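Colleague:
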Amino acid sequence: MSAPVLEISGLCKRFRVPRGAGGGVVHAAEDVDLRIEPGEIVGLVGESGGGKSTVAKCVVRLLEPDDGTVRLNGVDITHMSQRRLRDVRHQMHMVFQNPYSSLNPRMTVGAIVSEPMRRKEHGSRTATRAAAVELIERVGLSAEMFDRYPHELSGGQRQRVGLARSLGLRPSLLIADEPISALDVSVQASILNQLQRLRAEFGFSCLFVSHDLASVEFLCDRIAVMYLGRIVEVGTRAEIFATPKHPYTRALLAAALVADPVAQRERVRVPLEGEIPSPVRPPVGCVFHTRCPIAELPLCTTAPPETTMPTGGTVRCHFALDDRVN
Amino acid sequence: MNGRPVLGVTDLRVRFDTDDGPLLAVDGMSFDVHPGEVLALVGESGCGKSMTALSVLGLQPPNARVTGSIRLGGREILGLESRALRSIRGREIAMVFQEPMSSLNPVFKVGRQIAEVLRKHEKMSAAAARRRAVELLELVRVPTPERVVDEYPHQLSGGMQQRVMIAMAVACDPKLIIADEPTTSLDVTIQAQVLEIFRRLRDRLDTAIILITHDLGVVADIADSVVVMYAGHKMEQAPVMELFERPRHPYTKGLLGTVPRAGLSGTRRELVEIPGSVPLLRSAPTQCVFADRCAYRQDDCRAESPVIREIGVAAQVACLHPVEVVVRS
Numbered sequence: 277m278s279a280p281v282l283e284i285s286g287l288c289k290r291f292r293v294p295r296g297a298g299g300g301v302v303h304a305a306e307d308v309d310l311r312i313e314p315g316e317i318v319g320l321v322g323e324s325g326g327g328k329s330t331v332a333k334c335v336v337r338l339l340e341p342d343d344g345t346v347r348l349n350g351v352d353i354t355h356m357s358q359r360r361l362r363d364v365r366h367q368m369h370m371v372f373q374n375p376y377s378s379l380n381p382r383m384t385v386g387a388i389v390s391e392p393m394r395r396k397e398h399g400s401r402t403a404t405r406a407a408a409v410e411l412i413e414r415v416g417l418s419a420e421m422f423d424r425y426p427h428e429l430s431g432g433q434r435q436r437v438g439l440a441r442s443l444g445l446r447p448s449l450l451i452a453d454e455p456i457s458a459l460d461v462s463v464q465a466s467i468l469n470q471l472q473r474l475r476a477e478f479g480f481s482c483l484f485v486s487h488d489l490a491s492v493e494f495l496c497d498r499i500a501v502m503y504l505g506r507i508v509e510v511g512t513r514a515e516i517f518a519t520p521k522h523p524y525t526r527a528l529l530a531a532a533l534v535a536d537p538v539a540q541r542e543r544v545r546v547p548l549e550g551e552i553p554s555p556v557r558p559p560v561g562c563v564f565h566t567r568c569p570i571a572e573l574p575l576c577t578t579a580p581p582e583t584t585m586p587t588g589g590t591v592r593c594h595f596a597l598d599d600r601v602n
Numbered sequence: 126m127n128g129r130p131v132l133g134v135t136d137l138r139v140r141f142d143t144d145d146g147p148l149l150a151v152d153g154m155s156f157d158v159h160p161g162e163v164l165a166l167v168g169e170s171g172c173g174k175s176m177t178a179l180s181v182l183g184l185q186p187p188n189a190r191v192t193g194s195i196r197l198g199g200r201e202i203l204g205l206e207s208r209a210l211r212s213i214r215g216r217e218i219a220m221v222f223q224e225p226m227s228s229l230n231p232v233f234k235v236g237r238q239i240a241e242v243l244r245k246h247e248k249m250s251a252a253a254a255r256r257r258a259v260e261l262l263e264l265v266r267v268p269t270p271e272r273v274v275d276e277y278p279h280q281l282s283g284g285m286q287q288r289v290m291i292a293m294a295v296a297c298d299p300k301l302i303i304a305d306e307p308t309t310s311l312d313v314t315i316q317a318q319v320l321e322i323f324r325r326l327r328d329r330l331d332t333a334i335i336l337i338t339h340d341l342g343v344v345a346d347i348a349d350s351v352v353v354m355y356a357g358h359k360m361e362q363a364p365v366m367e368l369f370e371r372p373r374h375p376y377t378k379g380l381l382g383t384v385p386r387a388g389l390s391g392t393r394r395e396l397v398e399i400p401g402s403v404p405l406l407r408s409a410p411t412q413c414v415f416a417d418r419c420a421y422r423q424d425d426c427r428a429e430s431p432v433i434r435e436i437g438v439a440a441q442v443a444c445l446h447p448v449e450v451v452v453r454s
């Protein structure tokens, strides 16, 4: 097997809370391990405050990790200087959540899409223009968009422009942070389809951050579930959706609504009680034990080991292999 | 549904006069809501869902012209003066908005904000209103109501804030709650809790609920009947099971196809796309408003704007060539 495109190990990111706001330290990401193989789309799911975006931002170095390493195509980029980082940046590209704030309003679509290519490749004007037009068309927009400005475009069209820009330098990794959650459902569908097609054409890997399980199931090959800064379970699409092991994964799946009234109303409702605890004072041991339906004390006040399942996935739960709970 | 509707909306039109000419945000909507019924208003952004709800409450923007009829328990409330509307809002019809943080007053404690509704509409004493506020917080399953009444909105999570909004909404035992995307900004496990609260209110108090949402999962979970809106028009109305099993309007069928289905692992079919976007109506349409995006369009769809008509046992559709395929037997 070839080297992973992305390898995160032991990643930690903490934020200091100002004393005026209560003080303390937010443990946004704790000991996060994740690999993404070539061509693979990996979903990072969980509720808000779980640390998904923190991980994504540490990968592209919009945040500086406090501990751990991030390797991109085998190269450790964790502490790389910004200058040296520029030489590897073209290998990864971020697609942002809000297509309204992530495109420069004073640049035309053509300029936005060609900018990374102009910076990196210094090709002739006509060659760059031709490449940009091709990209614009490949993401499902018409070439006429080239001279338009972002404010003339709909949200879905803007997100496509963001995609076109991302793909210009043929990155091996896309980091997509909630790329569709600001869009209408019919537009979400077209962006999801487009990502699926582009992956087949361009062969990129993708870290797809989302709180929407349905789109993750549609798009992703493997899924990592985060809760309070920890990855609690990693598995293939089938493992996570058909045989979830971690009680939090199960709770998430149970709470996700199915757009089918017959199926939805037949489901047993066991709503998860309570709310996500403060990341400033996360529960001791297993961070989920305060809301977990199968937690046993004092066992769960100790940190659960990472258990590798027979099917290949990993679960951080004391009862991962326990038949009674499966 | 039998008995008299709580709310009857007939031929509602909301029109704006803008610098670029008139704009029809809602163009001839009619629907009834009955006691204990959850009616979902579904559609994409810009289709007129929220404007429909706001005009029912008399909260449309000042430059909007609203015509038609809105009857609350048989009484016409469209065109009532603002004083009369204020006594209806909060007492007979309550509203829950999407962003709880922007609907709660940041400088007052939660208990005081709930009590204000009671003191205003029910003329309760301060002490009685406070006691009732605690009970209401309990009703919406706030874990420590005695403590939360003395907290400020910013001290609460989004889910708790939304519960406070619902507690305020049910304070005067309204006949109708209009909830505009009430769970959209919440996490899934919290969304499940909030939907459960709506379900309990409906069951215990027989409250009618108009639920505005773009999330078909929420509709599948809690709605009794569904109105699908597009460009200010009602395209289809049907009981929820019927709508999902037998969508008759091509737009409804498209919307249902756009949703990836969680929990059904296996084949990855492409999702249905609806190319184009919702048009802005400048004048009364002379063709079907969906025709430009419709995969089932025929020549006569351009010739007239179809009127909504009864179809099947309990459904209505505004389409000349309704889809006839049953999605699942």
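Chain order of the listed sequences is A and B.
Heads up: the first sequence begins at 277 in the numbering used here, then just goes up one per residue.
Heads up: the second sequence begins at 126 in the numbering used here, then just goes up one per residue.
Backbone N, C-alpha and C define an ideal beta-carbon position, used for all residues, glycine too.
Values in this document were obtained by computation on a predicted structure and should not be read as measured data.
Please return the same chain residues whose Cβ sits closer than 8 Å to the Cβ of LEU396(B), not counting the five positions on each side in sequence.
Modeller: Closer than 8 Å at Cβ, skipping near neighbours: GLY382, THR383, VAL384, PRO385.
Colleague: Taking all protein chains shown into account, decide if ASP453(A) is buried (16 or more other Cβ within 10 angstroms of its Cβ) or exposed.
Modeller: Classification for ASP453(A): buried.
Colleague: Looking only at its chain, what residues have a beta carbon closer than 8 Å to the beta carbon of GLN373(A), apart from the 5 residues adjacent to it on each side?
Modeller: Correct list, in chain order: ASP453, GLU454, PRO455, SER457, ALA458.
Colleague: Consider the Cβ of GLN435(A): report whether some Cβ of chain B lies at a distance smaller than 8 Å.
Modeller: GLN435(A) does not count as touching chain B.
Colleague: Buried or exposed, going by whether 16 or more other CB atoms sit within 10 Å of the CB of PHE233(B)?
Modeller: With fewer than 16 Cβ atoms within 10 Å of its Cβ, PHE233(B) is classed as exposed.
Colleague: Does any C-beta atom of chain A lie closer than 8 Å to the C-beta of ASP346(B)?
Modeller: So yes, ASP346(B) belongs to the interface.
Colleague: Between PHE494(A) and chain B, is the shortest Cβ-Cβ distance under 8 Å, so that the two count as touching?
Modeller: Closer than 8 Å: yes.
Colleague: Tell me where the beta strand (DSSP E) around VAL151(B) begins and ends.
Modeller: VAL151(B) -> beta strand (DSSP E) spans 146–158.
Colleague: Between the segment 347–361 of chain B and the segment 301–309 of chain B, do at least 3 Cβ pairs fall closer than 8 Å?
Modeller: Output reads no: the segment 301–309 of chain B does not touch the segment 347–361 of chain B.
Colleague: Start and end of the alpha helix (DSSP H) containing GLU271(B)?
Modeller: GLU271(B) -> alpha helix (DSSP H) spans 270–273.
Colleague: Can you tell me which of GLY401(B), GLY128(B), ALA356(B) puts its alpha carbon nearest to the alpha carbon of GLY416(A)?
Modeller: Closest option to GLY416(A), Cα to Cα, is GLY401(B).
Colleague: Cα-Cα, which of VAL365(B), SER155(B), ARG407(B) is closest to ARG434(B)?
Modeller: When each option's Cα is compared against that of ARG434(B), the closest is SER155(B).
Colleague: Determine the direct distance from the alpha carbon of ALA514(A) to that of ILE507(A), and round the result to whole angstroms.
Modeller: So the alpha carbons of these two residues sit roughly 18 Å apart.
Colleague: Would you check if the distance between the CB atom of ILE315(B) and the CB atom of GLU551(A) is smaller than 8 Å?
Modeller: Going by C-beta atoms, ILE315(B) is nearer than 8 Å to GLU551(A).
Colleague: Taking the CB atoms as reference points, tell me whether VAL501(A) and HIS487(A) lie closer together than 8 Å.
Modeller: Cβ atoms of VAL501(A) and HIS487(A): not closer than 8 Å.
Colleague: Taking only the alpha-carbon atoms, compute the straight-line gap between CYS413(B) and TYR355(B) and give it to the nearest angstrom.
Modeller: Between CYS413(B) and TYR355(B), the C-alpha separation is close to 11 Å.
Colleague: What residues in its chain sit with their C-beta under 8 Å from that of PRO447(A), if we drop five residues either side in the sequence?
Modeller: Excluding sequence neighbours, PRO447(A) sits near HIS366, GLN367, MET368, HIS369, PHE480.
Colleague: Excluding the 5 residues flanking THR587(A) on each side, which residues of the same chain have their C-beta closer than 8 Å to its C-beta?
Modeller: Excluding residues within five positions, the ones whose Cβ falls inside 8 Å are GLY511, THR512, GLU515, THR519.
Colleague: Give me the chain B residues within the contact set of PRO559(A), using Cβ-Cβ distance strictly less than 7 Å, ordered along the chain.
Modeller: Within 7 Å Cβ-Cβ: nothing; PRO559(A) doesn't reach chain B, min ~16 Å.
Colleague: Can you name the residues of chain B whose CB is closer than 7 Å to the CB of LEU379(A)?
Modeller: Simply none; closest approach about 18 Å.
Colleague: Does the segment 319–334 of chain A come close enough to the segment 560–578 of chain A that 3 or more CB-CB pairs lie under 8 Å?
Modeller: Contact between the segment 560–578 of chain A and the segment 319–334 of chain A is absent, because fewer than three Cβ pairs lie under 8 Å.
Colleague: Compare the beta carbon distance of GLU162(B) and ALA333(B) with 8 Å and say whether it is the shorter of the two.
Modeller: A contact, by the Cβ cut-off of 8 Å.
Colleague: Please confirm if VAL313(B) has its CB atom under 8 Å from at least one CB of chain A.
Modeller: Output row for VAL313(B): interface = yes.
Colleague: CA-CA distance, VAL432(B) and LEU406(B)?
Modeller: Spanning the two alpha carbons is a distance of roughly 16 Å.
Colleague: Taking 8 Å as the CB-CB limit, is ILE399(B) close to chain A?
Modeller: With 8 Å as the cut-off, ILE399(B) counts as an interface residue toward chain A.
Colleague: Count the other CB atoms, across all protein chains shown, that sit within 10 Å of the CB of ASP312(B); report buried if there are 16 or more and exposed otherwise.
Modeller: The residue is buried, with at least 16 neighbouring Cβ atoms inside 10 Å.
Colleague: With a CB to CB cut of under 8 Å and the five nearest residues on each side skipped, what residues in its chain are close to ARG255(B)?
Modeller: If we look at ARG255(B) and ignore the five residues flanking it on each side, its Cβ neighbours are GLY236, ALA240, VAL274.
Colleague: PRO455(A) CB to nearest chain B CB: under 8 Å?
Modeller: False, the Cβ-Cβ gap to chain B never drops below 8 Å.
Colleague: Nearest to SER285(A) by alpha carbon, out of PRO294(A), LEU348(A), ARG473(A)?
Modeller: If we check each option's Cα against that of SER285(A), LEU348(A) comes out closest.
Colleague: Return the bridge partner residues of LYS359(B) from the DSSP annotation.
Modeller: Paired residues: MET354(B).
Colleague: Note down the Cα distance separating THR384(A) from VAL371(A), rounded to an integer number of angstroms.
Modeller: Spanning the two alpha carbons is a distance of roughly 18 Å.
Colleague: Does any C-beta atom of chain B lie closer than 8 Å to the C-beta of PRO294(A)?
Modeller: Taking Cβ atoms only, chain B never reaches closer than 8 Å to PRO294(A), which makes this a no.
Colleague: Counting only C-beta atoms, is LEU380(B) closer than 8 Å to chain A at any point?
Modeller: Judged by the 8 Å Cβ criterion, LEU380(B) is in contact with chain A.
Colleague: For a cutoff of 8 Å on Cβ pairs, would you count SER418(A) as touching chain B?
Modeller: SER418(A) does not count as touching chain B.
Colleague: If contacts are defined as beta-carbon pairs under 8 Å, then PRO147(B) and ARG140(B) qualify, I think. What distance do you get, rounded to the angstrom?
Modeller: Confirmed, Cβ separation roughly 6 Å.
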